[in-house]
Structure formats: C-alpha cells, structure tokens
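Take a look at the structure set out below.
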Amino acid sequence: MRVRRLMVTLALGLLLAVSLVHSTVRVQDYRVRPYLYANLYLPSGEFVQQTSLGYRQLAADMVWFQAVQYYGGYAKSQHSLAYFNGLIDIVTDLDPHFVFPYMFAAIVMSQDMGDLDSGIEVLKKGMRANPETAAFPFEIGFLYYISRADETAAQHYFTLASKMPDGGDRARRFAAFVASKAGHVETSIRMWEELASTSKEPYMREMARRYIRELRTQGAIEKDPHGS
Amino acid sequence: MMPILTLAFSTVRNYLHERILLVVIVFAALLMGSSYALSPLAVGAQQKIVVDIGLAAVSIFAVVLIVLLGAGSFHMEKERGILRALLAKPISRVEFVLGKYLGTVATVGGVIVLMAGVHLLVVKATGSSYTATMAIAIYLTLLEVALVTALLTLFAAFSSPVLGSFFTIACVVAGHFSNDLLTFAQRFGGHATRALVTGAYYMLPNLELLNVRSEAVHNLPLPGGFVLAVTLYTVIYTGTLLYLASLIFRAREVS
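These protein sequences, in sequence, are chains A and B.
If you read the first sequence in our numbering, its first letter stands for residue 1, the second for the next number, and so on.
If you read the second sequence in our numbering, its first letter stands for residue 1001, the second for the next number, and so on.
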C-alpha cells in the first residue's frame, strides 16, 4: 500500500515535471510579440491626458519609452513603422514642451519613412507649442534641404532660426552651406557631419553617421553609375 | 493651542510606529533610484525622466500615505477607547480635530521633505541642478497634502475608514478633472446642467492648480503672484473643510 502510494506520488511528480518543461519550452514562441498589435490599441493623446490625473509627464515618458523601443524594433527589421506617428502624437500631446521627440520623429519620418510632410507637420506642431525654440525652424530647414533639396525653403527656415534668441551660429552656418551651391549630396553630408559632431545625444549621433554612410554610397553611385 | 500641539505630537508618534510608513518611504526611494537606472533607456530624456518620476513619486506616495494612515486613525482611537478618554479631558472636539489633522500633515509633510531630499540627490547624480521651480513643485505638493488631509478629516468625521478613504480618493480624482468639468459645462448641456457642473467645479478642490510638475521639468516660468494666490486658495479651502469637520464632529455622539 505504502509502495503504491509512493509510486503514484513519484509518477505524478514526474508527469508534472515533464509537463512543466514542455509548457515552458512551448510558451517561448510567444515571448517576442510584435509591437504592432500592442500599439494598435493605443488610445489618443487627449484620452491619456484626461486619464493620467495630473501625471501627464510620467505618462509621456512611458509612451516615449515605448516609441524608442518601437523604433529599435524597426531598426532590427522586426516590423515596419506603421504606428510610429501615433506614438509620437501621444507623447507630444501629453508633453508639448518635450522637444526631443519632435526632432527625432521628424528625422525618422522623413528619412526612414520617406514622408517629409509628416516630419514637417510634427516640427510645426512643436513650433506652435514652443515658439521661442530655434531648433524647430532649424530642423525644418535642414529636412527641406536634405529630403527635398528645396534650397529656398531651407534658407527661409535657417534664417528664421538664426534670428531667434537661441538660434546661434549653427543656423547661419547651415544657411551658408546651402548658399555655397556645392552638390546636394556633398552639402547634405557636411550638414549631417556637423550634426553628428554637435549633437549631445549619442543616439542622434549614431543616426547621423548612418545617414552619412547612406549618402556616401549614393554619391559614389551617382559619380560612377556603372561601377566601372 | 497647547492641547492641539500635544495631540499633534502624539499623532506623529503613533504614526511613526506604523510599518506602512517605512514601506512607503523605502518604496518611494527605490522608485526614484530606479529612475536613475532607467534613464539611459530614455533616448534624449535622461534628465527629464529622473525629474518626472521623482516629482510624481513624491506626489503619489503622499496621497497614498494620507489615505493609509489618516483613514484608520480616527477609527482606531474610537475602537481602542482612546477617543472617549481624550474627550473626557479638558480638550474640545475642535482641538481634537485640529490636533489629529496637524499630526497627519506633519507626518506626511516630513516624509515629503525626506523624499524630496532623495530626489535632489538623484537629480544631482544625473548632473542636473535642482531648479527653483522644482522646489516650488515640492512646496505645492505639501499644500496638496494639507488640502487632501483636510478632506480626509472631514470624511472621517462622519463615515467609516473605508468610506472616508473612498470619498477622499474620489475627490482627489475629481479635483484633477475639475478644469475639464468647466470645459464640459461651457460646451455642453442646457442651462441647468451648465449651472450644476459649474457649481461642482467651484465646489471641488482644484488640485491641478497645485500641479506645476510640467513647468518644473522644463523649467518654465510661473505667472507672477501664482504661488501666493494658490497658497491663499489652499489655506482658505483647507480652513473651510476643517471648520466643517469640527462642526460635524461636535454634533456627533461618541460611544
């Protein structure tokens, strides 16, 4: 009787152990779930603003974490950037004075998504909320030049930025780059190099270096289209 | 004045024996410390994250502490028969209410100052400086503590600890929504609804006035006279709540 009970206990333990190992291995397939589905159900910035009960800054930080992770997933080729604009919209609705997301998003939208208009729209939203920040007109000018080679628009926004209290020399230097009439690719590379050397943000510097590599490849192809 | 202060000191002493106080302090310090650890993940917002989480933690844990400590306090004194013994002494009910109130505010206020100290250290560790607006944000959190404790005192004077906590939390939530109430009143509804909602807006404490965390994070200027006006508003609102609490408590039978 005793031996039988011991056997049953052992058998049950063994069965549980095998099941646990099997189920642990099985659930690993679901460990990495695409962000696409999680972000599909994100509410609007206005809704989060209402429900964050005075902790909008904290809510903005949490969504910003998610936006950075989402972009990281894209950079690792895990998914597209389908919900990136939505995430940025929430962050900028929750914290309109949080400057970096506008800057970062505008570059991602124009360079990675090929949607300059959305990038400019995000920057103009930032400009409306922070009218005294020169970084917004500066980046609008920068993107107009880099993405669309629109020298007139670029000059206009660089001049606007240079007239603002925190405009500094950078906007004037970039306006001079555009006026120098060097080739578009060469000038773009010079601008990115300047950004890479002056940005305090390592992530931005890394992005700038990546775009420089892409432009150099593009420049080489333009010079020698047949690769001879 | 003496009985009030004696009662306040005794209330603080009682609270200091509560384990929950230590748990909340440790938890808040851990949260602030973790913000420093998390900051490298927040591209372009390392310093902002530390300031945001710190200020939010101070405010959230302050309200949690008020509810956890304050709600049971009146009830416990009644249960243990201390209230009856106290009221048999030459101490008026108004003095009792004020003593308990001041004890709770002093305890939670002390915890806030402690948490603000930890926050200052964490902010310094990121290489930023503690701005005047951040200090104002902490000061306004202290005012919020004074107001929320007065709300709890009012509810504790006529209801059970659970109901008192529930009413207080409901008022805190509504207090943060009060600006939206006014917007709602201006945009929707007929005359009666508009009058009712506008009335509710003016009756509820406007806790969003005491929230300058956004300005503190981005070091934005506050309007001239803002701090003084908000301080006066809080003092008058708190005074009214305590007056009502004393009236109710005076009319109550203590078994």
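Positions of the beta carbon are idealized from the N, C-alpha and C atoms, including for glycine.
*asked:* With three or more C-beta pairs closer than 8 Å as the rule, is the segment 127-135 of chain A touching the segment 111-118 of chain A?
replied: no
*What residues from chain A crowd round residue 1119 of chain B, counting only those whose CB sits closer than 7 Å?*
Walking along the second sequence from the start, residue 1119 of chain B turns up at place 119. The contacting residues do not exist; residue 1119 of chain B stays about 14 Å from chain A at best.
_Please report the straight-line C-alpha distance between residue 22 of chain A and residue 6 of chain A, rounded to a whole angstrom._
Residue numbering aside, residue 22 of chain A sits at position 22 when the first sequence is read from its first letter. Residue numbering aside, residue 6 of chain A sits at position 6 when the first sequence is read from its first letter. For residue 22 of chain A and residue 6 of chain A, the distance between alpha carbons rounds to 24 Å.
*Would you grab the beta carbon distance between residue 1152 of chain B and residue 1070 of chain B for me? Rounded to a whole angstrom, and I think it's under 8 Å.*
Sequence index remark: in the second sequence, residue 1152 of chain B carries index 152 (1-based). Sequence index remark: in the second sequence, residue 1070 of chain B carries index 70 (1-based). Contact holds; Cβ gap of about 5 Å.
*Residues of chain A with CB under 8 Å from residue 1214 of chain B, in chain order?*
Against the second sequence, residue 1214 of chain B aligns to sequence position 214. By Cβ distance, chain A contributes 56, 57, 95, 97.
*At least one CB of chain B closer than 8 Å to the CB of residue 64 of chain A: is that the case?*
Position 64 of the first sequence, counting from 1, holds the residue named residue 64 of chain A. Taking Cβ atoms only, chain B reaches closer than 8 Å to residue 64 of chain A, which makes this a yes.
*At what residues does the alpha helix (DSSP H) containing residue 156 of chain A begin and finish?*
Taking the first residue of the first sequence as position 1, residue 156 of chain A is located at position 156. 151-162 is the span of the alpha helix (DSSP H), which, as asked, contains residue 156 of chain A.
*Are any of the Cβ atoms in chain B nearer than 8 Å to that of residue 53 of chain A?*
Taking the first sequence and counting its residues from 1, one reaches residue 53 of chain A at position 53. Closer than 8 Å: yes.
_Buried or exposed for residue 57 of chain A, going by 16 or more other Cβ atoms inside 10 Å?_
On the first sequence, residue 57 of chain A is found 57 positions in, with the first residue counted as 1. Buried: at least 16 other Cβ atoms inside 10 Å.
*Is the segment 76-94 of chain A close to the segment 1204-1216 of chain B, with three or more CB pairs under 8 Å?*
no
*Contacts that residue 61 of chain A makes with chain B (C-beta to C-beta distance below 8 Å)*: For the purposes of this step, residue 61 of chain A is identified with residue 61 of the first sequence, where counting begins at 1. Within chain B, the residues near residue 61 of chain A are 1042, 1045, 1048, 1049, 1052, 1053.
_Backbone CA spacing between residue 1176 of chain B and residue 16 of chain A [nearest angstrom]_ = Taking the second sequence and counting its residues from 1, one reaches residue 1176 of chain B at position 176. Taking the first sequence and counting its residues from 1, one reaches residue 16 of chain A at position 16. Roughly 51 Å between the two C-alpha positions.
*Given residue 1021 of chain B, which residues of its chain have a CB within under 8 Å of its CB, disregarding the five upstream and five downstream residues?*
Here the question's residue 1021 of chain B lines up with position 21 in the second sequence. These residues qualify, in order along the chain: 1015, 1065, 1069, 1107, 1111.
*asked:* Does the CB of residue 1067 of chain B have a neighbour CB from chain D at under 8 Å?
replied: Structure shown: chain D not included; protein chains present are A and B.
*Delimiting residues of the alpha helix (DSSP H) encompassing residue 124 of chain A*: In the first sequence, residue 124 of chain A corresponds to position 124, counting from 1. 116-129 is the span of the alpha helix (DSSP H), which, as asked, contains residue 124 of chain A.
_For residue 176 of chain A and residue 162 of chain A, believed in contact at Cβ under 8 Å, the rounded distance_ = Counted from its first residue, the first sequence places residue 162 of chain A at position 162. Counted from its first residue, the first sequence places residue 176 of chain A at position 176. That belief does not hold up - the Cβ atoms of residue 162 of chain A and residue 176 of chain A are roughly 10 Å apart, past 8 Å.
_Cut-off 6 Å between Cβ atoms - residues of its own chain near residue 1178 of chain B, not counting five sequence neighbours on either side_ = What you label residue 1178 of chain B is simply residue 178 of the second sequence in a count that begins at 1. Only 1201, 1204, 1206 meet the Cβ criterion.
*What did DSSP end up calling residue 82 of chain A once you bin it into helix, strand or coil?*
Translated into the one-based positions of the first sequence, residue 82 of chain A becomes position 82. Residue 82 of chain A: coil per DSSP, three-state reduction.
*Quick one: what does DSSP say residue 213 of chain A is sitting in, helix, strand or coil?*
Start at 1 with the first residue of the first sequence, and residue 213 of chain A comes out as number 213. Looking at residue 213 of chain A - three-state DSSP - the assignment turns out to be helix.
*Have a look at residue 128 of chain A and residue 97 of chain A and give me their C-alpha separation to the nearest angstrom.*
Looking up residue 128 of chain A in the first sequence gives position 128. Looking up residue 97 of chain A in the first sequence gives position 97. Residue 128 of chain A and residue 97 of chain A: Cα-Cα distance of roughly 10 Å.
*List, in order along the chain, the chain A residues whose C-beta lies closer than 8 Å to that of residue 1207 of chain B?*
In the second sequence, counting from the first residue as 1, residue 1207 of chain B sits at position 207. The contacting residues are 54.
*Residue range of the alpha helix (DSSP H) that residue 57 of chain A falls in?*
Counting from one through the first sequence, the residue named residue 57 of chain A turns up at place 57. Run containing residue 57 of chain A: 56-75, per the alpha helix (DSSP H) assignment.
*Listed from N- to C-terminal order along the chain, which residues in the segment 123-154 of chain A have their beta-carbon within a distance smaller than 8 Å of any beta-carbon of chain B?*
none
*asked:* Rounding to the nearest angstrom, what Cα-Cα distance links residue 1163 of chain B and residue 1252 of chain B in this structure?
replied: Mapped onto the second sequence, residue 1163 of chain B falls at position 163. Mapped onto the second sequence, residue 1252 of chain B falls at position 252. Whole-angstrom Cα-Cα distance: 17 Å.
*Near residue 1063 of chain B, which residues of its chain fall below 7 Å by C-beta distance, leaving aside the five closest residues on each side in sequence?*
Position 63 of the second sequence, counted from the first residue, corresponds to residue 1063 of chain B. Same-chain partners within the cutoff: 1148, 1172.
*Where the alpha helix (DSSP H) through residue 97 of chain A begins and ends*: For the purposes of this step, residue 97 of chain A is taken as residue 97 along the first sequence, with counting starting at 1. Segment: none, residue 97 of chain A is in no alpha helix (DSSP H) and carries neither H nor E.
_Using the three-state DSSP reduction, which class does residue 132 of chain A fall into: helix, strand or coil?_
Locating residue 132 of chain A in the first sequence gives position 132, counting from the first residue. DSSP places residue 132 of chain A in coil when its eight states are reduced to three.
*Could you spell out where the alpha helix (DSSP H) holding residue 1052 of chain B opens and where it closes?*
By 1-based counting over the second sequence, the position of residue 1052 of chain B is 52. Segment 1046-1065, the alpha helix (DSSP H) holding residue 1052 of chain B.
*Locate the alpha helix (DSSP H) running through residue 1180 of chain B, then write down its first and last residues.*
Within the second sequence, numbered from 1, the residue matching residue 1180 of chain B stands at position 180. Per DSSP, residue 1180 of chain B belongs to the alpha helix (DSSP H) from 1161-1187.
*asked:* Whole angstroms are fine: how far does the CA of residue 1212 of chain B sit from the CA of residue 1221 of chain B?
replied: Here residue 1221 of chain B corresponds to residue number 221 of the second sequence, with the count starting at 1. Here residue 1212 of chain B corresponds to residue number 212 of the second sequence, with the count starting at 1. Computed Cα separation, rounded: 10 Å.
*From A:69, A:119, A:173, pick the residue whose C-alpha is nearest to that of residue 148 of chain A; which is it?*
Against the first sequence, residue 148 of chain A aligns to sequence position 148. Minimum Cα distance to residue 148 of chain A is reached at A:119.
*How should residue 1236 of chain B be labelled, buried or exposed, when 16 other C-beta atoms within 10 angstroms of its C-beta is the threshold for buried?*
For the purposes of this step, residue 1236 of chain B is taken as the residue at position 236 of the second sequence. Classification for residue 1236 of chain B: exposed.
_With a threshold of 7 Å on Cβ separation, who are the neighbours of residue 1008 of chain B within its own chain once the five nearest residues in sequence on each side are excluded?_
Numbered from its first residue, the second sequence carries residue 1008 of chain B at position 8. Within the same chain, residue 1008 of chain B has close Cβ partners 1099, 1102, 1103, 1106.
*So the alpha helix (DSSP H) residue 49 of chain A belongs to, where does it begin and stop?*
Stepping through the first sequence from its first residue, residue 49 of chain A is reached at position 49. Residue 49 of chain A -> alpha helix (DSSP H) spans 45-51.
*asked:* Using 8 Å as the cut-off, can you tell me whether the segment 1111-1126 of chain B makes contact with the segment 1050-1060 of chain B, which would need three or more C-beta pairs spanning the two stretches below that distance?
replied: Output reads yes: the segment 1050-1060 of chain B touches the segment 1111-1126 of chain B.
*Contact check, residue 102 of chain A vs residue 122 of chain A, beta carbons under 8 Å*: Sequence index remark: in the first sequence, residue 102 of chain A carries index 102 (1-based). Sequence index remark: in the first sequence, residue 122 of chain A carries index 122 (1-based). Their beta carbons are under 8 Å apart, which means residue 102 of chain A touches residue 122 of chain A by this criterion.
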